Structures are given as C-alpha cells and as structure tokens.
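Colleague:
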Amino acid sequence: MRVFIAEKPSLARAIFEGLGGNPNSQKKEGYYQHEQDVVTWCFGHMLELFDPDDYNDEYKKWRFSDLPLQTVYPPKLKAKPESKKQLSIILKLIKEADTLVHAGDPDEEGCLLIDEILGYANNRKPVERLLVADLNLAPVKKSLANMKPNQEFKAMSDSALARSLADQTFGYNLTRGCTLKGREKGYQGVLNVGRVQSAVLGLVNARTLANLNHQESYYYDVFADMDIHGHTIQAKYQCKEDDQIDEKNRLISEPNAQHIAERVKGKEALVTLAMTKPENSKPPLPLNLSTLQQLCAKQFGYSATETLTIMQGLYETHKLLTYPRTDNRYLSDEHFYQTSDMAKAIIATLPGLAEAVDKMDTTQKHKAFNASKIEAHHAIVPTTKLGSDIVLNEKEKNVYQLVAIHFIGLFYPDAIRDKTKVTFNIDGDQFNATQSVLKQRGWEVLHKSGANIQEEAIPEFDLSTLAFNQQGSCLASLVDKKKTTPPKYFTESTLLTAMTRAAKFIDDLELKKALEAKDEGSSDQGSIGTEATRASILEKLAKNTTLISIGKEKGYKEAVWKTTQQGQEFCKALPDEVIKPDISAKWAQMQAQIRAGELSVEQFIHDIDQYVQARIKQLEEHGIDITGSAPACPKCRNGFLIKRKNKKSDKGDFWTCNQYPECKTAFPDKAGKPVLTAKKTAIPKNAPTCPTCQKDKLVMRQGSNGAFWSCTGYPSCQSSFPDKEGKPVSNRKPKYSISDTELCPKCQKGLVRLPAKREGVYWWRCSGKTCDIKFFDVSSTQRPDYDKGAIGHNKSENK
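Here it is as structure tokens:
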C-alpha cells in the first residue's frame with residue numbers, strides 16, 4: 001500500500017483525483033483510498049515543539065535565575081490538541097504502508113511539516129517527494145509522474161527546523177528575561193520579544209520618534225513662466241551641486257532661491273530637450289494574501305486578521321476562491337485555459353460584474369500566466385464553482401469582488417499615456433516642464449470605476465508641439481515656500497507592505513542582500529514573517545496597548561500605529577538588531593548555508609544559544625528602564641502593588657506590595673485592578689470608636705473565618721479586631737491626643753491627660769519617652785496643677 005500525506009485537505013483531494021480516484025465516493029474516515037493508493041491529509045503543522053516546562057516542570061514558574069534556557073536538539077515534539085484525531089489516523093496509515101509519499105508544500109515549511117510526522121512515527125520505510133504547486137488536474141498528474149526521493153530535500157527541512165528552534169529559544173528567553181526585569185520596575189504586562197514581532201515594533205517606534213522629533217523647516221521651489229509663441233508654460237528649477245540643498249535635493253536657503261528667481265527673470269529661454277513617448281501601464285498581477293489585506297485595509301478598513309478570516313470562509317466554506325495563504329502572484333497555463341469557466345463562475349457569483357466580464361479579451365495572455373514563477377502556491381483567483389445559490393454577506397462580496405476584478409483585469413488592454421518632458425535652459429539654469437495625456441484608460445476602468453474616476457485635465461498648451469532649439473523668454477519667476485513634513489505614521493496596510501519589503505530598513509548592505517536573496521523569485525523583496533503569520537503578529541502587537549496605541553488621526557484614512565512612552569522605553573532597552581529586521585537577515589544567511597550543506601543545525605543552534613546568553617547577561621547587569629504600570633502601595637509608599645494568585649482558596653487573585661515581608665499590605669482584585677477603597681458600609685450611631693486612630697468608627701464585617709471588626713477609615717487606618725458576642729475585642733491601649741498648649745516644663749513636649757482608676761479623676765503625664773514627669777489635674781479647668789509641682793521626675797520616684 002502506498003500512502004500519500006498531503007499538507008492540507010484541498011491538496012489531498014487534488015492528488016486523489018490525479019491518481020484516478022473519486023473523492024466523492026471513495027472518502028473514508030480521514031483519508032481517500034483508490035485501489036492500493038491512500039491519500040490522507042494534515043491541517044498544517046500537526047505537531048509542535050516541546051515547551052521548556054515539558055522538559056522540566058520547574059520552568060513553569062518564571063525565574064531569572066533559570067535563564068538562559070538552552071535549546072534541546074534534537075527536539076521532542078508533541079501533538080497539537082486540535083490535531084490528535086487526524087494525527088492518529090496518519091500514524092496508523094504510516095504503520096500499515098509499504099511506501100510513503102511526502103506531499104507537503106514545495107517550500108521549507110512544507111518539507112518540515114511532513115518530515116516531523118515521519119520522524120515522530122519513527123518511520124524507516126522508503127519515502128518519495130511529491131511537489132504540487134497547482135491543484136489543477138493536468139499539473140497534478142505531471143507532478144505525480146515526476147516524484148523524487150525525499151532525502152534530496154532534507155536540507156530544506158533542516159533549515160526550517162533550525163529557524164523554528166531558534167525562534168523558540170530567542171522568544172522564550174528574551175520574553176521571560178525582559179518581563180521579569182520589567183516587573184522590578186513595576187511594569188505588570190508581558191514584554192514579548194520575537195524575531196519578527198520585535199522588528200515590527202521597532203519599525204513603528206522608529207516612525208513614531210521621527211514624527212515626535214521632527215524639526216519643522218522649509219524648502220523652496222523656484223518656478224519660471226516661459227513665453228513660447230505667445231503661450232505661457234511654467235517650468236520648475238533643477239538644483240545644481242553648488243546650491244544649498246538637503247538630502248532630497250531641495251533648496252533650503254530662501255536667499256539662494258530668491259537669487260535664482262531674480263537672475264532668470266527677463267532672460268531668454270532655449271528648449272534643449274523636447275521628448276514625448278507613450279507609457280503603457282500593464283494590468284496589475286492577481287493578488288496574494290498581503291496585497292489583498294492591504295487593499296481591504298485601505299478600501300474597507302478591514303484588519304489583516306479579518307481579511308484572512310473572510311478569505312478562509314470563501315475558500316473552505318463556499319469554495320469560491322483558491323488557497324488564501326499564498327505569497328505568490330502568478331498563475332499556471334492551466335488557469336489560462338480555464339478562463340471561460342472562471343468568467344462564468346464570476347458572473348454567477350456576482351452578477352454585477354457581468355458587463356466587466358463581457359469586455360474581457362480572452363485571447364490576450366498576461367505575463368501573470370507563468371508556471372515557472374510558482375513555487376509553493378499560485379495567486380488567489382476565483383474558482384470555477386458557480387456561486388449563484390450562495391448568499392454572501394457584504395464583506396464576503398467585497399473581498400470576492402477585489403479578487404475577481406484583478407483576474408478580469410488580466411484580459412483588459414493597457415492603460416496608455418503620452419508622457420512629455422521639456423527642458424529649458426536660461427543662461428545656464430535648467431527648468432523642466434512635464435505633461436501626461438491619457439490616450440487609453442484600459443484596465444483602469446475596473447479599478448477606478450464610477451466616482452473614483454477623475455477626468456485628467458487637458459493642458460491649455462500641448463508641450464508635445466515644442467521642438468529642440470525653439471526659443472522663448474522668461475516672463476516672470478516665483479519662489480514657492482513649503483514646510484518639510486515628517487514621514488507618515490504606519491497604518492495596518494503600510495505595515496503589511498513594510499513587512500514584505502523589510503530589507504530596505506537594514507543599514508548593512510550585506511545583510512540587506514541576504515534578506516532579499518531569501519525571497520528571490522517571489523513577489524516579496526526581503527520580507528519578514530509569512531503570509532500565514534503576518535496578520536496574527538499585527539493582531540498580537542495591537543493587543544499590547546501599553547506599548548502600542550492605534551487610533552484615528554487627521555489626514556489618515558486608516559488608524560495610525562504609534563508606540564507609547566513605555567513602548568519607546570522598551571525599544572530603547574533592546575539591541576538595535578532586535579528592533580530591526582537584522583536578526584531575520586542574519587538567520588537567512590545561516591539558513592542558506594544549511595541548505596548548501598555548509599552549516600549544520602547544531603552549529604546554527606550553538607550560535608543562537610551564545611547570542612541569547614549574551615543578551616540575558618546584559619539584562620542581568622543593566623535591567624530594563626521602563627515606566628512601571630503597577631499602582632504605588634498606599635501603605636508604605638516605597639513599593640508597588642503586584643497581582644498574585646490565591647493558592648489557599650478559590651477566591652481569585654489579590655494584590656500585595658512587592659516589598660513583602662517588610663510591607664504586608666494586601667488588597668482584593670476586581671476586573672484586574674486592586675480595590676484600594678473599602679465598600680461603603682452603613683455606620684450605626686452607637687458604633688465604637690477605633691482605638692487605633694481615635695477618629696473613625698469600627699463596623700462589623702463578615703470574612704472567610706467569620707465576623708470581625710474593622711475601621712471605616714481604611715486604607716489610612718487598617719486596624720481590624722476579632723468579634724466576641726457582637727463586640728470588638730481589642731488588646732490595644734487607647735491612643736490619646738497630645739496637648740499643643742500644656743507642655744512639660746522639663747523637655748517642652750506635650751502633656752497627655754489620662755483617666756485615673758477612680759471615676760471622674762484625671763492626671764497628666766509627659767508624652768516624651770525618656771521623661772516621666774506627672775501632674776495632678778484641676779478638674780474645674782481640666783489643666784495640670786502646676787502649683788502643686790510635679791509628682792515625680794523619673795520612673796523610680798513614681799513607684
């Protein structure tokens with residue numbers, strides 16, 4: 001028996017049809033079977049790496065002394081909870097098989113995904129490798145006829161495993177280390193560190209700081225109005241090397257600009273260049289997930305996660321669109337041959353696109369139809385399924401229409417514009433004038449339809465009529481003063497774009513090339529993250545509201561992303577290579593060496609462990625300077641409150657001072673915050689006065705151990721007393737007030753009036769700890785009897 005293990009159900013179905021099977025009638029529990037061929041499937045990764053606490057239960061508790069946690073290689077794997085049922089079917093089929101076929105996606109992750117299952121099953125049977133990038137029948141059959149030994153792809157699997165292990169070690173150690181050091185400063189959240197997540201946080205932070213630190217300045221454009229044959233043409237001055245310019249080649253000196261404007265006024269102008277040529281704009285390629293997410297964010301305000309969820313429904317539930325998690329924007333010849341069927345499906349699903357479909361020229365073949373450009377997956381396009389009986393909600397219609405329009409547009413003519421450039425020379429100064437005239441809108445009618453189409457203005461004078469060596473004069477000149485603006489804040493759509501073009505944020509040219517080389521042949525250009533992970537990374541970052549703020553801002557259609565003060569402090573505490581895409585670039589270099597057989601996984605892991613160890617040591621020595629989010633302790637004023645689990649009861653969390661045991665203050669928890677004020681309680685008229693503060697009253701409350709009495713002045717007075725027969729039991733001596741006017745004649749400290757044993761009789765004593773002077777009381781005036789003198793001068797005299 002030959003068992004095929006496919007990465008996902010749709011691939012399994014396509015393989016089974018390619019083998020001559022009927023997936024509708026030959027489906028079993030978790031697999032298809034046709035004669036001696038069995039095709040089963042995974043749901044992505046069925047296994048995951050052991051967590052540190054799977055190796056050692058003590059690692060469940062986060063302790064800085066345990067860091068760094070070393071990478072275990074070879075690693076142990078465990079079944080994902082949601083995958084156990086299907087995984088057991090796969091393992092059973094592996095045991096029964098004579099030969100196996102690895103049918104993971106034709107990329108590194110696809111190689112690892114099936115190889116880890118084969119390793120988990122301790123497989124020793126022969127394995128072939130099936131590479132399917134196009135699920136149409138003809139290319140699947142071609143792939144089935146050209147299978148290779150799986151061993152040839154081991155280096156790709158090793159590269160993916162190395163990256164997976166490194167991500168875990170990097171993330172676990174630095175997240176725990178930063179979080180624990182942050183808690184020492186009162187920061188209560190988790191300070192997540194990840195190769196991709198931290199780089200994205202760094203991008204947001206760099207852009208935030210660029211805006212905050214932007215120094216407003218001005219630059220100047222100089223324009224000249226030329227008179228040519230009675231027509232006025234405005235042209236813009238082109239800066240020279242000896243001008244005062246900035247890094248963007250803009251004039252930054254107003255006197256410099258004014259001088260240029262004055263020196264050209266009234267001078268002769270000569271045409272030194274007059275060139276017109278048509279510019280053809282081809283229809284854009286069909287969509288991959290990232291470009292679809294960007295368009296949905298801009299046009300509809302959908303988050304990346306929301307777009308992916310809608311796509312998954314259109315793919316899995318309705319089967320109207322192809323596989324969503326693709327980074328590719330090309331199609332195969334098979335898709336070209338299916339054009340008429342796909343066009344019918346589009347009309348049936350969205351009848352409003354019927355007119356657009358009718359104008360398709362299905363004889364023209366766009367460059368998107370190029371099977372050699374397809375690696376693991378092809379672009380997202382409509383399937384041939386008719387959706388006439390399917391009711392789509394508004395969001396599903398929006399996403400389907402975007403995908404459909406990009407496919408329809410492949411069969412539309414180019415957009416054509418005549419571009420004209422004219423250069424004038426005025427006594428050695430060069431001025432340029434440009435013109436663009438629309439000749440054919442072509443595919444743009446699909447993407448800029450209705451109200452979005454703005455008629456392009458027809459110029460008063462056609463620059464294309466000018467010729468070389470024609471003469472004119474400069475009638476007037478002007479200086480246009482403009483403010484410099486900081487770079488725009490990131491939005492979700494621009495962050496997605498930045499993640500696919502992350503190499504441009506790397507300063508080191510060698511590292512930049514290494515990251516770009518990783519994406520050679522794909523639509524991305526030096527990317528971080530994958531189509532499957534980018535949405536979840538952004539979603540996770542967005543939830544950490546102590547580090548990231550997301551909100552509407554004037555001048556932006558989408559919500560803008562900024563780092564908070566704590567986010568800026570956290571980024572400052574991390575090394576530059578962590579908050580930039582540099583780590584991804586360095587790993588890409590090493591992974592390329594693994595694939596080439598020049599570096600082992602063990603060597604890669606050793607380097608990562610060494611790097612992590614150095615970062616942990618740095619954290620130990622310098623900590624993290626971050627503003628604490630924990631409330632200050634109202635009792636000691638030195639510490640801050642931290643939330644703890646109540647291990648002795650099931651009454652939930654509570655808050656306690658981090659200076660424990662010096663400060664034993666504790667407060668109950670409510671909705672994740674400490675309850676610092678006691679509930680208002682009705683105070684009976686005859687309630688006893690608190691013997692501690694002598695100000696507020698005692699009231700009886702019910703606790704876990706029965707009734708007790710506490711002061712209503714909580715939290716300034718935290719006194720509590722046990723209850724006995726409905727009365728508070730206090731062993732405390734009453735606290736009496738010290739007089740401000742009656743002073744000890746010896747030490748000048750205030751005297752205290754105290755009751756004597758005989759009812760109605762009082763006496764006075766000094767409040768000083770080392771002075772024991774006492775006086776009789778004059779009851780009529782309630783003052784010390786100074787005339788009789790002190791009763792005693794020390795303790796021995798008073799015995």
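Just so you know, we're using the UniProt record's numbering here: the sequence shown kicks off at 1 and counts up by one. Every residue gets a Cβ at the ideal spot worked out from N, C-alpha and C, and that includes glycine. Note that this is a predicted model, so its numbers are computed, not measured.
(1) For a test of the three-state rule: what should DSSP assign to Lys-749, helix, strand or coil?
(2) Using a threshold of 9 Å, state whether the C-beta atoms of Leu-191 and Phe-667 are closer than that.
(3) What does DSSP give as the partner residues of Ile-5 in its beta bridges?
(4) Whether or not the segment 537-555 and the segment 504-519 are in contact is what I'm after, with contact meaning three or more pairs of Cβ atoms, one per stretch, closer than 8 Å; do they touch?
(5) Just to confirm, are Thr-40 and Ala-12 a CB contact at a threshold of 9 Å?
(6) Measuring straight from C-alpha to C-alpha, what distance separates Asp-785 and Lys-695?
(7) Using only CA atoms, which one of Pro-255, Glu-279, Gln-258 and His-229 lies nearest to Glu-268?
(8) So which of Glu-262, Leu-295, Tyr-315 and Glu-531 has the shortest CA-CA distance to Val-196?
(9) Please look up how many angstroms separate the CB atoms of Thr-677 and Thr-665, rounded, as I've assumed it's under 8 Å.
(10) Note down the Cα distance separating Gln-470 from Asp-480, rounded to an integer number of angstroms.
(11) Given a cut-off of 9 Å, decide if Leu-314 and Glu-396 are closer than it, judged by their beta-carbon atoms.
(12) Threshold first: 4 residues or longer. Then list the alpha helix (DSSP H) segments lying entirely within the segment 557-634, N to C.
(13) Looking only at its chain, what residues have a beta carbon closer than 6 Å to the beta carbon of Asn-452, apart from the 5 residues adjacent to it on each side?
(14) Considering just the uninterrupted stretch of the beta strand (DSSP E) at His-231, what are its terminal residues?
(15) Measuring CA to CA, which of Ala-345, Thr-326 and Gln-440 is closest to Arg-534?
(16) Please report the straight-line C-alpha distance between Leu-118 and Ala-155, rounded to a whole angstrom.
(17) What would DSSP say about Tyr-337, mapped onto helix, strand or coil?
(18) Are Asn-280 and Tyr-330 closer than 9 Å when you measure CB to CB?
(19) In this structure, what does DSSP give as the bridge partners for Phe-708?
(20) Looking at the unbroken alpha helix (DSSP H) that takes in Gly-472, where does it start and where does it end?
(21) Rounded to a whole number of angstroms, what is the C-alpha to C-alpha distance between Leu-494 and Ile-537?
(22) Just verifying my parser: in three-state terms, what is the DSSP assignment at Asp-665?
(23) Hey, would you say Ser-767 sits closer than 9 Å to Gly-750, going by beta carbons?
(24) Bridge partners of Val-222, per DSSP?
(25) Looking only at its own chain, which residues have a Cβ that is under 7 Å from the Cβ of Leu-478, when we skip the five neighbours before and after it?
(26) Which one or two residues does DSSP pair with Val-204 in a beta bridge?
(27) Just verifying my parser: in three-state terms, what is the DSSP assignment at Phe-300?
(28) Quick check on DSSP: helix, strand or coil for Ser-388?
(29) Could you tell me the boundaries of the beta strand (DSSP E) in which Glu-268 lies?
(30) Could you say which of Ala-585, Ser-522 and Gln-568 lies nearest to Lys-512 if we only look at CA atoms?
(31) Where does the unbroken beta strand (DSSP E) through Glu-128 begin, and where does it stop?
(32) Count the other C-beta atoms from every protein chain shown that fall within 10 angstroms of the C-beta of Glu-108, then say buried if there are 16 or more, exposed otherwise.
(33) So the candidates are Leu-112, Leu-320 and Leu-251; which of them puts its Cα closest to the Cα of Ser-388?
(34) Starting from His-34, follow its DSSP beta bridges and name the residues at the other end.
(35) What do you get for Ile-583, buried or exposed, if any count of 16 or more other CB atoms within 10 angstroms of its CB means buried?
(36) Does the Cβ-Cβ distance between Thr-349 and Leu-410 come in under 9 Å?
Modeller: Put simply:
(1) Coil, per DSSP.
(2) It is not a contact, given that the beta carbons lie outside the stated cut-off.
(3) Paired residues: Thr-40 and His-102.
(4) Contact between the segment 504-519 and the segment 537-555 is absent, because fewer than three Cβ pairs lie under 8 Å.
(5) Cβ distance < 9 Å, so Thr-40 and Ala-12 count as in contact.
(6) Distance between the alpha carbons of Asp-785 and Lys-695 is about 29 Å.
(7) Among Pro-255, Glu-279, Gln-258 and His-229, the Cα nearest to that of Glu-268 belongs to His-229.
(8) Comparing Cα positions, the closest option is Glu-531.
(9) The pair is not a contact, with the Cβ atoms about 14 Å apart (cut-off 8 Å).
(10) When rounded, the distance between both Cα atoms is 27 Å.
(11) Yes, the pair counts as a contact, with Cβ atoms nearer than the cut-off.
(12) Here the runs fully enclosed are 565-573, 582-595 and 601-622.
(13) Here Asn-452 scores only 45 on pLDDT, less than 50, and its place in the model should not be relied on; the value that follows carries that caveat. Around Asn-452: no qualifying Cβ.
(14) It spans 231-237 - the beta strand (DSSP E) in which His-231 sits, taken as one unbroken run.
(15) Of the candidates Ala-345, Thr-326 and Gln-440, the one whose C-alpha sits nearest the C-alpha of Arg-534 is Thr-326.
(16) Looking at the backbone, the Cα of Leu-118 and that of Ala-155 are separated by about 16 Å.
(17) Tyr-337 falls in the helix class under three-state DSSP.
(18) Contact flag unset, no.
(19) Beta-bridge annotation (DSSP): Phe-708 is paired with Arg-701 and Pro-722.
(20) Boundaries for Gly-472: no alpha helix (DSSP H) harbours it, while the beta strand (DSSP E) harbouring it runs 471-483, taken from the DSSP string.
(21) The amino acid occupying residue 494 in the given sequence is Thr; Leu does not appear at that position. Each residue's Cα considered, the two are about 14 Å apart.
(22) Note that residue 665 is Thr in the sequence shown here, rather than Asp. In the three-state reduction of the DSSP assignment, Thr-665 falls in the coil class, being assigned neither a helical nor a strand state.
(23) Going by C-beta atoms, Ser-767 is nearer than 9 Å to Gly-750.
(24) Val-222 is bridged to Val-479.
(25) Excluding sequence neighbours, Leu-478 sits near Phe-223 and Ala-261.
(26) Beta-bridge analysis with DSSP links Val-204 to no other residue.
(27) In the three-state reduction of the DSSP assignment, Phe-300 falls in the helix class.
(28) Correct three-state label for Ser-388: coil.
(29) It spans 268-281 - the beta strand (DSSP E) in which Glu-268 sits, taken as one unbroken run.
(30) Per the Cα distances, Ala-585.
(31) Membership of Glu-128 in the beta strand (DSSP E) is indicated by the continuous run 127-129.
(32) Buried, because 16 or more other Cβ atoms sit within 10 Å of the Cβ of Glu-108.
(33) Closest in alpha carbon position to Ser-388, among Leu-112, Leu-320 and Leu-251, is Leu-320.
(34) Partner(s): Asp-37.
(35) So Ile-583 ends up on the buried side.
(36) The Cβ atoms of Thr-349 and Leu-410 lie no closer than 9 Å to each other.
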